[in-house]
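Data first, discussion second: the structure below is written as structure tokens.
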Amino acid sequence: MSAGASGSLLQALEVPQYAFVSGTATLRCVYDMSDTKLYSLKWYHNNTEFYRYVPTERNGPVNIGPTDIFLLHVSGNKFCVLRSFTGMAP
Numbered sequence: 003m004s005a006g007a008s009g010s011l012l013q014a015l016e017v018p019q020y021a022f023v024s025g026t027a028t029l030r031c032v033y034d035m036s037d038t039k040l041y042s043l044k045w046y047h048n049n050t051e052f053y054r055y056v057p058t059e060r061n062g063p064v065n066i067g068p069t070d071i072f073l074l075h076v077s078g079n080k081f082c083v084l085r086s087f088t089g090m091a092p
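Going by the numbering used here, the first residue of the sequence shown is number 3, and it counts up by one from there.
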């Protein structure tokens, strides 16, 4: 799958089909940027952005929310681990 920009390639997108309440889920985005730099990586649920990684921002990855549904446990430029689900609608 092509991510649209020249030189960038989305190799895999791993999202669990189910997650248990109070459980943990790992979302993973595997990509090859080759010689280009990543501008941003964003995760959405039901058209609402909940996670943003922009390498040029000094604050690092940002958990945008909804924090009342889950907590961002571990994050990086290719994955984020969500835990303590209180019930995320499909």
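The beta-carbon is built from N, C-alpha and C at its ideal position, and this holds for glycine as well.
Counting every other CB atom within 10 Å of its CB across the protein chains shown gives residue 46 a total below 16, marking it as exposed.
When the alpha-carbon of residue 54 is set against those of 36, 22, 29, 12, the nearest one is in 29. Considered as a whole, the region 25 to 62 harbours 26 to 34, 43 to 47, 50 to 55 as its complete beta strand (DSSP E) runs of no fewer than 3 residues, in chain order. Inclusion of residue 12 and residue 33 in the CB contact set at 8 Å is warranted, their separation being smaller than that value. Taking all protein chains shown into account, residue 22 has fewer than 16 neighbouring C-beta atoms within 10 Å of its C-beta and is therefore exposed.
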